[in-house]
Each structure stands twice: as structure tokens, then as C-alpha cells.
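Chemist: After the C-alpha cells below, expect a handful of questions from me.
Number of protein chains: 2
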Amino acid sequence: MTSPKQIQLSHGGGGEETNSLIHDLFYHYFSNDTLLAAEDAAVLEVKKKIAFTTDSFTVSPIFFNGGNIGKLAIAGTVNDLAMMGAKPLYLSASFMIEEGFSFDDLKTIVKAMAEELKHSGAKIVCGDTKVVPKGAVDKLFINTSGIGEIEKEGISANHLQEGDIIIVSGDVGRHGAAILMEREGLGISGDLKSDCATLWPAVQALIDANVSISAMRDATRGGLSAVLNEWAEQSAVCLEIKESNIPVDQAVQGICELFGFEAFDFANEGTFILSVPEKDAQMALAALHTVEVTKKATMIGQVSRKKEGRVILHSAYGSSRYLDLPKGELLPRIC
Amino acid sequence: MTSPKQIQLSHGGGGEETNSLIHDLFYHYFSNDTLLAAEDAAVLEVKKKIAFTTDSFTVSPIFFNGGNIGKLAIAGTVNDLAMMGAKPLYLSASFMIEEGFSFDDLKTIVKAMAEELKHSGAKIVCGDTKVVPKGAVDKLFINTSGIGEIEKEGISANHLQEGDIIIVSGDVGRHGAAILMEREGLGISGDLKSDCATLWPAVQALIDANVSISAMRDATRGGLSAVLNEWAEQSAVCLEIKESNIPVDQAVQGICELFGFEAFDFANEGTFILSVPEKDAQMALAALHTVEVTKKATMIGQVSRKKEGRVILHSAYGSSRYLDLPKGELLPRIC
Chain L
1 MTSPKQIQLS
11 HGGGGEETNS
21 LIHDLFYHYF
31 SNDTLLAAED
41 AAVLEVKKKI
51 AFTTDSFTVS
61 PIFFNGGNIG
71 KLAIAGTVND
81 LAMMGAKPLY
91 LSASFMIEEG
101 FSFDDLKTIV
111 KAMAEELKHS
121 GAKIVCGDTK
131 VVPKGAVDKL
141 FINTSGIGEI
151 EKEGISANHL
161 QEGDIIIVSG
171 DVGRHGAAIL
181 MEREGLGISG
191 DLKSDCATLW
201 PAVQALIDAN
211 VSISAMRDAT
221 RGGLSAVLNE
231 WAEQSAVCLE
241 IKESNIPVDQ
251 AVQGICELFG
261 FEAFDFANEG
271 TFILSVPEKD
281 AQMALAALHT
291 VEVTKKATMI
301 GQVSRKKEGR
311 VILHSAYGSS
321 RYLDLPKGEL
331 LPRIC
Chain E
1 MTSPKQIQLS
11 HGGGGEETNS
21 LIHDLFYHYF
31 SNDTLLAAED
41 AAVLEVKKKI
51 AFTTDSFTVS
61 PIFFNGGNIG
71 KLAIAGTVND
81 LAMMGAKPLY
91 LSASFMIEEG
101 FSFDDLKTIV
111 KAMAEELKHS
121 GAKIVCGDTK
131 VVPKGAVDKL
141 FINTSGIGEI
151 EKEGISANHL
161 QEGDIIIVSG
171 DVGRHGAAIL
181 MEREGLGISG
191 DLKSDCATLW
201 PAVQALIDAN
211 VSISAMRDAT
221 RGGLSAVLNE
231 WAEQSAVCLE
241 IKESNIPVDQ
251 AVQGICELFG
261 FEAFDFANEG
271 TFILSVPEKD
281 AQMALAALHT
291 VEVTKKATMI
301 GQVSRKKEGR
311 VILHSAYGSS
321 RYLDLPKGEL
331 LPRIC
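For the protein sequence lines, the chains are L and E, in the order given.
The numbering of the first sequence is full-length UniProt numbering, which starts it at 1 and goes up by one.
The numbering of the second sequence is full-length UniProt numbering, which starts it at 1 and goes up by one.
Here is the structure:
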């Protein structure tokens, strides 16, 4: 038996209880005219080319230092749009809820979503709720898909050019480390917080400053290593990175050493990598430094032709090695 | 331990194994230029107003008579777009997979998705894959979100007019009954198949015939009862339905009587309800009868002012009763 303060199967049945959950919770916090029209699909008008993306969030635990699954579900999808130079406008939200899930926790998560939406101005215009029997899902999964209008065209993982400067918007690995710490019960009172944040304001600052952007990508699953390797391969270039220039928080470094992980492979949820022509690099940094979330943005390397399709890490001592795509069992359920 | 023929956690880690799953399976079957660009978001150009919708599919069992979770995930989202008079164009696909899930089953499902896409011509342009540890999800959930261009404006649950004729596109309750039969182990060799199907060709026939459409909705969760009640409430009208005109298959009726369910409350996944001005009713039926999936479309009632916000069922014997919104624990995981 589930109490009235828990989500029940009938909340997902499509009948009276589903209606009341939708009206009292989702419509209340996500309120806007398109959503309230309650049609099979939202009707929208767009004026430019659009970007379209999807992400399902299965993070465990659902609450962590620096955010929760709801904040992450908004920031994650908004960031995927922002990385294409698109202003995030319209989001869908689909909840897959385990029978017996706390109604109060769901409310906290929905409120965090509404709060995070403010950082980009995007709106949730359509949604879906499924409730599955106990054991069929671990607590809560959320899918968000999003549509944005492209403000700056031509940003692409295929567009890196020789001579481009590689910039990282902040220190890397914090989301992965925060989740690992939480999961291992290392205490949530530490300073180590997930970097989970909406990146649209930083991208808008770059666009407003008229920075030429070759490529841009948030370093989520697979971390910095995955983005750099995908770029090297897709643009058939070599990325030469100064290892000592990559910012890593001491707490993140500590966690990594403890568990045998590599900070460069760890997921971020509010940190992105940027490739810009050398002439625009200082301008890009100046723009990023005007925004709180990216105020520590820094240059980490440059695009060359030394070894096409590979990422080379240069150590402070003059040695160098390849940085490979992460392989094997990384942390599951990081996002 | 999982075998190579099973999905492993590393397939969702964002590293090398994820890349190979995406390339060998998803890109292979869903292949199109936008998807293969492999950016953070798909870049699309649309010319008209768009419809945007989302749905997560958690159906159990994932294979059933008449379809599987993949076919359903395509038909369901495409149908939500079609119901708004929108031609389905672009879909996202997000897979949440349990560690150890059979690679062959995933392939069968992905192939069914690719096959079902042909009925509307829509393309999968972006996606996401999460693999969660054993027990964190029951086998497989799929979210699909979709974008369509609106070919016919003004279709809305708020637009039913007095005198409108209510049409149902086929017999009701087959999807719900097929899932229930499967789950109770009543054998899959029977004639009772889910109605799971793409409805865009039927909608296109209506648009081509220039039928005025007040409202249109596929009768999924909550079945015919939910759609009719939502319409009565949203348009503040009375729907008077001739009970004997509602087509119900004998096998569906039998299952309902056996388990104490009501066929009108049962989910459909390829059957829709239509409200059209009386003058266009015959034209609508003629158009629907040209399409295989809706060749049994029939009139079931009319919109009046008798009792605003309510649905009245008139029996063949002259008595009448209210048809209410389904309430309580309906069948979970029907879609």
C-alpha cells in the first residue's frame, strides 16, 4: 500500500489521479499558455533554424551536493542546445516514476527544474508522466528534450581548424567526483559540489562579443577526454594540450587518486570546451570571464597537424603521451 | 558478468563502447545525414508552425502480439503529432537499458522502429543511450520526442462545437486487452492483436479531403473514456454517444468481462477519435475508409448542450448513463 504522500500507480493511469497530479504539480510550477493548452502536442512558432536534442537522466543518487536530478535534467538539455549556438526556447519533460516515490521529493525536484529554467528563459511546453510498479525503475528517471533557435551557425565538431585555441570554461571532473563521493557516503558537507549549471548565459556572452566559434561542447559523460578525442577524430586534426593548464580542483584530484579514476574522464554538467581561432582567443576569455559560471575559463591547448585524430598531452616536464577515449566501466548513472 | 551479446554498463559510459553501440546499431538502422553529423543537437530547418511532443514508453512485456516497445515508441509519438494536424518530421530516441539486456532483442526493437518510421516518413535525428545497473530499470524504457510541421491549424480539444459528429477510427480497447492477455499468459497465438499503428496516413487523407476537423485525439491511456471526458470538459459541451455504435472486438469484450475491466477505458495505440462538423461527417468517413488502418471508422455520437462537461452513453434499450473518466488503478505499463 502506498500513502497519499507517495506516488501511486493510478497517478500514471491516464485517469482522474493523473489529471490531478498534472494540474496540481506540473502545471503549477511549469505554468505557461502552451503547456496549459493541454493538447497532444505543443504548437510553436520558430523563426530561425532550430536545434533539437534529447537526454534521459538516470543519475543516482537523485539528490547530490550542487543539485538534483531535476536541475540536471534542465541544465543538461539546455546546455546541449547552447553548445550548438542555439538559444534554448522549448523543453519537454517526461517523468518515469517508481510507485511509492515520495510526493514531497517529486515536488522538490519539479521546483528545482522551474528554478533552473530561469537561467535560460526556456519553457516546458509538453510533458508525459509514467508511474511503474515498485522495482521497475529505481526511484525516478526524467527525459527532457529541447528545441532552440540557432543564433550562431556553423559551430560543429567537424570545424576545428589548425591553429585554433582550445579553452575550457572551468575546472574539470567536479560532477563525476561529487556523485562518486555521495555514492560512497563520503559526506555531503564538503566543498566538493557538482558543477551542474546552465551554460546559455556564457554562450550568449560569446555570441554578443562576436567571437568566431569553431566548435563547442559540454564535457559530460566521458569528460574532457571524450570531447577532445571526438573532436580530433571528427575534424581529423591533432589536439596538443598542456596538461598543467587543465584546471582540476584538489578535492576532485583526491577522489580520483583514492578510487583510481582519471579526472579528465570524469563527467561535468556545467563545464564546456571551446575551439576558437587564435585571433579570437583573448576575446573569448574576456567574454567568458564576465559570466559567474565561466569566470575561471582558461586556455589549455592548440590544434595542430602533428598526429591527425589524436590528442597529445604535454606534461610540465617536457614529456608527452596520448590522451585516449575513456574505455571500460566508467561510473554508471552519473547523469 | 555480462556476455558480449548482452548490453554492458560500458555501453552507456560515453567512451569507446558507447561509440561502437551508437555507430553499429543506431546509426546503421536510423541512418540519415542529420543524425550522422553527431553533434550535441540536430540542426533542422522548418517552414511552418511546429508541433512538439514527448512520450516515454515503459510497456511490459516489451514484446506483445501486434508489436513491441520500439514500434510503439515510434507510432505513439508520431500519432501525437498527427493528432495536431502536423506532418511528423523529426524524432529523438532515448534508450534507458538495463545492464545485461539482450543485444539481439535491442536489435529487433531498433529494426521495428526503423520499419515503423516508414509509415510516416519521419526521421530520428538525435538520440541518447543510458545503461543502468541490473535492477535499476526493468529491461528497457524508450523516450521518443517529436517535431512536426502543422498542415492543418486550429485542431484543439477546446474546439468542439454543438452539432459536431463524433467518429472513432476503429474498434476500441485492443492494445490494452492484448497487453493484459500477454501478461496473464493467456497465449499469444490468438487473433487478439494490439492496434499499434501509425495514424499519419489517415490524418493526411482527412487533410487532403479538406475535412474541417474540430478536434482529434488518439485514445491511448484511459482509452475512449478519457478522450471523450477531456473534450467535454475542455470545450464545455456534452457528448452524447450511442453505446451500441462503439465497435468492440468480441475477444476484447471477453477479456474485459473476465478481468472486470471496461473496454472503453482500455488503451489504444492506433485508434483515434474525431470531432467534425455534421456537414463533413460523411466526407471524413469516406476519407478514413481509403486507409487500411481506419477502414472500419464509424460514427458514435454527437455534441450537444444537454449537460456541459459530461459524456452521456445512450443504450440500445433507451436508457442512458454518464461515462466517467477512468479512476483508480488501471493497468500499469500499458505504454
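Ideal Cβ placement from N, Cα and C applies to all residues, glycine included.
Return the first residue and the last residue of the beta strand (DSSP E) that E98(L) is part of.
Modeler: Sequence index remark: in the first sequence, residue 98(L) carries index 98 (1-based). 86 to 98 is the extent of the beta strand (DSSP E) around E98(L).
Chemist: Should L81(E) and G146(E) be called a contact, given that it needs their Cβ atoms to be closer than 8 Å?
Modeler: Numbered from 1 along the second sequence, position 81 holds the residue referred to as residue 81(E). Numbered from 1 along the second sequence, position 146 holds the residue referred to as residue 146(E). Yes, the Cβ-Cβ distance between L81(E) and G146(E) is below 8 Å.
Chemist: Looking only at its own chain, which residues have a Cβ that is under 6 Å from the Cβ of A152(L), when we skip the five neighbours before and after it?
Modeler: In the first sequence, the residue the question calls residue 152(L) occupies position 152. In the sequence on display, residue 152(L) carries Lys and not Ala. These residues qualify, in order along the chain: G85, I207.
Chemist: Mind checking which residues open and close the beta strand (DSSP E) that includes L44(E)?
Modeler: In the second sequence, the residue the question calls residue 44(E) occupies position 44. That run of the beta strand (DSSP E) goes 42 to 44.
Chemist: Less than 7 Å between C-beta atoms, sequence neighbours within five positions excluded: which residues of the same chain meet that for I188(L)?
Modeler: By 1-based counting over the first sequence, the position of residue 188(L) is 188. Reliability of the predicted coordinates at I188(L) is poor, the pLDDT of 49 falling under 50, and no value is obtained from them.
Chemist: Who are the near neighbours of Y27(L) in its chain, counting only those whose CB is closer than 8 Å to its CB and skipping five residues on each side?
Modeler: Within the first sequence, the letter at position 27 stands for residue 27(L). Within the same chain, Y27(L) has close Cβ partners L35, L36.
Chemist: What three-state label does DSSP hand I188(L) in the structure shown?
Modeler: Here residue 188(L) is taken as the residue at index 188 of the first sequence, counted from 1. Residue confidence is low: I188(L) scores 49 on pLDDT, short of 50, so the model does not pin down where it sits. No coordinate-derived value is stated.
Chemist: Are the C-beta atoms of S214(E) and some chain L residue less than 8 Å apart?
Modeler: Taking the first residue of the second sequence as 1, we reach residue 214(E) at position 214. It does not: the Cβ of S214(E) has no partner Cβ on chain L nearer than 8 Å.
Chemist: Which bits of chain L does E16(E) rub up against, with CB to CB less than 7 Å?
Modeler: Here residue 16(E) refers to the residue found at position 16 of the second sequence. L325, K327, listed in chain order.
Chemist: So which residues on chain L does L81(E) lean against when the C-beta distance must stay under 7 Å?
Modeler: As a first step, residue 81(E) must be located in the second sequence, where it is residue number 81. Correct list: A41.
Chemist: Thinking C-alpha only, which one of L285(E), T144(E), I7(E), S315(E) is nearest A122(E)?
Modeler: Here the question's residue 122(E) lines up with position 122 in the second sequence. Of the candidates L285(E), T144(E), I7(E), S315(E), the one whose C-alpha sits nearest the C-alpha of A122(E) is T144(E).
Chemist: Just to confirm, is the Cβ distance from V168(L) to A284(L) under 8 Å?
Modeler: Against the first sequence, residue 168(L) aligns to sequence position 168. Against the first sequence, residue 284(L) aligns to sequence position 284. No. Outside cutoff.
Chemist: Given S156(E), which residues of its chain have a CB within under 7 Å of its CB, disregarding the five upstream and five downstream residues?
Modeler: Here residue 156(E) is taken as the residue at index 156 of the second sequence, counted from 1. So the list reads A215, once near-sequence residues are dropped.
Chemist: What does Y29(E) touch in chain L if you count any residue whose Cβ is under 9 Å from its own?
Modeler: Position 29 of the second sequence holds residue 29(E). None at all; the shortest Cβ gap to chain L is about 17 Å.
Chemist: Nearest by alpha-carbon distance to Q204(L): which of I179(L), E257(L), E149(L) is it?
Modeler: Here the question's residue 204(L) lines up with position 204 in the first sequence. It is E149(L).
Chemist: Tell me which residues share the same chain as Q234(E) and place their Cβ nearer than 6 Å to its Cβ, disregarding the 5 neighbours each side in the sequence.
Modeler: In the second sequence, residue 234(E) corresponds to position 234, counting from 1. So the qualifying residues of the chain are A157, N158.
Chemist: By Cβ distance, which residues of its chain are closer than 8 Å to I50(L), with the 5 residues on each side in sequence left out?
Modeler: Within the first sequence, residue 50(L) is the residue found at index 50, counting from 1. So the qualifying residues of the chain are A86, I147, G148, E149, I150.
Chemist: Looking at C-beta atoms only, is the number of pairs between the segment 237 to 254 of chain L and the segment 303 to 313 of chain L that lie closer than 8 Å three or more?
Modeler: Flag = yes, the segment 237 to 254 of chain L and the segment 303 to 313 of chain L touch.
Chemist: Sorted by chain position, which residues of the same chain lie with C-beta nearer than 6 Å to D128(L)'s C-beta, five sequence neighbours on each side aside?
Modeler: Sequence index remark: in the first sequence, residue 128(L) carries index 128 (1-based). So the list reads S94, once near-sequence residues are dropped.
Chemist: Run down chain L in chain order and give the residues with a C-beta less than 8 Å from the C-beta of S156(E).
Modeler: One-based indexing of the second sequence puts residue 156(E) at position 156. Those within 8 Å of S156(E) in chain L are A37, E39.
Chemist: Taking 8 Å as the cut-off, decide whether the C-beta atoms of K134(L) and G100(L) are in contact.
Modeler: Position 134 of the first sequence holds residue 134(L). Position 100 of the first sequence holds residue 100(L). For K134(L) and G100(L), yes; Cβs fall inside 8 Å.
Chemist: List, in chain order, every chain L residue whose beta-carbon is nearer than 8 Å to that of Q234(E).
Modeler: Residue 234(E) sits at position 234 when you count from the first residue of the second sequence. Those within 8 Å of Q234(E) in chain L are A38.
Chemist: State the beta-bridge partners of Q6(L) as determined by DSSP.
Modeler: For the purposes of this step, residue 6(L) is taken as the residue at position 6 of the first sequence. In the DSSP output, where bridge partners are listed per residue, Q6(L) has S102(L).
Chemist: Name the chain E residues that come within less than 8 Å of D55(L), Cβ to Cβ?
Modeler: The residue labelled residue 55(L) in the question sits at position 55 within the first sequence. The contacting residues are S94, D128.
Chemist: Can you confirm whether F63(E), when its beta carbon is compared against all beta carbons of chain L, has any partner nearer than 8 Å?
Modeler: Mapped onto the second sequence, residue 63(E) falls at position 63. By this cut-off, F63(E) is not an interface position.
Chemist: Around the Cβ of Y90(L), are there at least 16 other Cβ atoms within 10 angstroms (buried) or fewer (exposed)?
Modeler: Position 90 of the first sequence, counting from 1, holds the residue named residue 90(L). Label assigned to Y90(L): buried.
Chemist: Could you tell me the distance, in whole angstroms, from the CA atom of T58(E) to the CA atom of V110(E)?
Modeler: What you label residue 58(E) is simply residue 58 of the second sequence in a count that begins at 1. What you label residue 110(E) is simply residue 110 of the second sequence in a count that begins at 1. The straight-line gap from Cα to Cα measures roughly 15 Å.
Chemist: Distance cutoff 8 Å, beta carbons only. Does Y90(L) sit that close to anything in chain E?
Modeler: Locating residue 90(L) in the first sequence gives position 90, counting from the first residue. Chain E contact via Cβ: present.
Chemist: How many angstroms separate the CA atom of V227(E) from the CA atom of F261(E)?
Modeler: One-based indexing of the second sequence puts residue 227(E) at position 227. One-based indexing of the second sequence puts residue 261(E) at position 261. Approximately 17 Å, taken between the alpha carbons.
Chemist: Just to confirm my understanding: we take E115(L), look at its own chain, exclude 5 residues before and 5 after, and list those with CB closer than 6 Å. What are they?
Modeler: Position 115 of the first sequence holds residue 115(L). Hits under 6 Å: none found.
Chemist: Given a threshold of 16 other Cβ atoms within 10 Å of its Cβ, counted over all protein chains shown, does A316(L) qualify as buried or as exposed?
Modeler: Here residue 316(L) refers to the residue found at position 316 of the first sequence. Exposed.
Chemist: Just grab the DSSP bridge partners of L140(E) for me.
Modeler: Position 140 of the second sequence, counted from the first residue, corresponds to residue 140(E). DSSP output for L140(E) lists I97(E) as bridge partner(s).
Chemist: Determine the contact status of L180(E) and I255(E), defining contact as a CB-CB distance below 8 Å.
Modeler: Indexing the second sequence from 1 puts residue 180(E) at position 180. Indexing the second sequence from 1 puts residue 255(E) at position 255. Yes.
Chemist: So, helix, strand or coil for C196(E), using DSSP?
Modeler: Counting from one through the second sequence, the residue named residue 196(E) turns up at place 196. Coil at C196(E), not helix or strand.
Chemist: Cα separation between H11(E) and E17(E)?
Modeler: Taking the first residue of the second sequence as 1, we reach residue 11(E) at position 11. Taking the first residue of the second sequence as 1, we reach residue 17(E) at position 17. Spanning the two alpha carbons is a distance of roughly 5 Å.
Chemist: Among the candidates G15(L), Q253(L), T294(L), L160(L), whose CA atom is the shortest distance from the CA of D195(L)?
Modeler: Translated into the one-based positions of the first sequence, residue 195(L) becomes position 195. Checking every option, the nearest Cα to that of D195(L) belongs to T294(L).
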